[in-house]
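Numbering (the working numbering), first residue to last: 8 to 382. Idealized CB from N, CA, C, for every residue including glycine. For reference, the structure is listed below as structure tokens.
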């Protein structure tokens, strides 16, 4: 039994008494490349990380859901026929339950304890991990099979329609469908998942910038609207269908042009990165990741000075042995590097020696690729 499993079981016993009927889990995810492409029907290349969320769940005889978030000692309680927004962490739980009910699942009352070790605000999808873990838990209570794509769409709908975040489907598809020891190439239009085994010597280094990112503040939704405006001007269903030739011939505001340029070139980079990963071509991967970060910085404008400094430092340290970029929705969070195992050790040493002129402490490595199913 893992430490996290033991903690969520103990927390359940302390708050509700007895033992849970089931303990469900979901990993966090790191997006290697393919940022803000999902809601443009594009491609992304994430991987599961070892950090995860676990929920302990037990059915109740009435329609009341009681939940405790052990990581910050917060509780929530509501009736299934009176679910309203709270403006906090519980909205992810409440939104998922509403969507499961809308899909026709028989959802009853339950006691739920939640624990996780995914750092919040780092772009590793702690919210999507919670959503998928909750879905797994309720399905398990009814002995129903878990379908990754169906679960991902429930989680996405919860964020779109209840939480208020107009996110795409990347986070939920990655969390629900990524397998240990592999990256997954996601086609966000066809909802297809292609597993790409990580090379034996592959290392994913995830470095926390210390700047917590925020999404439900309008900036994310603004960029989605700008992408939709570009698609409308170009006469395509989504920017996935656009080309640079089409874009350069079009008349549109500069900011809309730059948003579209990021998406079009990022889709191309993502497909190229999937091919490079299959053959462990770290030099090509490094170039693609550095170009991705530059595009996020200059065209999509979702980086911050600290993640820019981190990415520049890590790319210089790795040279042709891999590359680094900001990961996640943007405006802070973490920087991810993809390299070989030996180079990752050198990078770690360089990071520990560095202050980058912007922090009292060296950047902290917070994640690693998931290599096995959780205990």
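Backbone secondary structure at residue i - three-state DSSP
i           : result
residue 193 : strand
residue 341 : strand
residue 367 : Confidence is the limiting factor: at residue 367 the pLDDT is only 34, short of 50, which leaves the residue's position unreliable, though a coordinate-based value still follows. Three-state DSSP puts residue 367 in coil, outside helix and strand.
residue 63  : strand
residue 15  : helix
residue 174 : coil
residue 219 : coil
residue 26  : coil
residue 246 : helix
residue 184 : helix
Contacting residues, own chain, Cβ-Cβ under 6 Å from residue i (five flanking each side not counted)
i           : result
residue 19  : 27, 63, 120
residue 202 : 186, 189, 191
residue 343 : 37, 213, 334
residue 13  : none
residue 314 : 216, 333, 342
residue 288 : none
Residues near residue i in its chain [Cβ-Cβ closer than 7 Å; skip 5 each side]
i           : result
residue 175 : 45, 46, 195
residue 296 : 40, 330, 331, 332, 345
residue 354 : 212, 321, 324, 325, 344, 346
residue 307 : 43, 230, 266, 269
residue 163 : 174, 176, 179
Limits of the unbroken alpha helix (DSSP H) element including residue i
i           : result
residue 451 : Since the displayed the chain opens at 8 and closes at 382, residue 451 lies outside it and no answer follows.
residue 252 : 251-256
residue 233 : 226-241
residue 301 : 289-305
First through last residue of the beta strand (DSSP E) which encompasses residue i
i           : result
residue 146 : No beta strand (DSSP E) contains residue 146, which is instead part of the alpha helix (DSSP H) from 133-148.
residue 325 : Careful: residue 325 lies outside any beta strand (DSSP E), inside the alpha helix (DSSP H) at 312-325.
residue 155 : Premise fails: residue 155 lies in the alpha helix (DSSP H), 155-165, not in any beta strand (DSSP E).
residue 115 : Element bounds for residue 115: n/a, residue is neither H nor E.
residue 333 : 329-334
residue 358 : Segment 348-360 is the alpha helix (DSSP H) holding residue 358; no beta strand (DSSP E) there.
residue 71  : 71-76
residue 199 : 199-204
Residue i burial status per 10 Å Cβ neighbour count (16 or more: buried)
i           : result
residue 89  : exposed
residue 79  : exposed
residue 338 : buried
residue 316 : buried
residue 25  : exposed
residue 254 : buried
residue 30  : buried
Contact set for residue i: own chain, Cβ-Cβ below 8 Å, skip 5 residues either direction
i           : result
residue 107 : 114, 142, 145, 161
residue 367 : Residue placement at residue 367 is poorly supported in this model, since its pLDDT is 34, which falls under 50; the coordinates are not used for a value here.
residue 226 : 309, 337, 338
Chain B within 9 Å of residue i, Cβ atoms only
i           : result
residue 276 : Any reference to chain B falls outside this structure, which holds one protein chain only.
Contact test: residue i Cβ vs the ligand GDP heavy atom, cutoff 8 Å
i           : result
residue 307 : In the structure on display, the ligand GDP does not appear, and there are no ligands present to speak of.
Would you mind listing the beta strand (DSSP E) stretches within the segment 80-105 that are 3+ residues and don't spill past its ends, in chain order? 81-86
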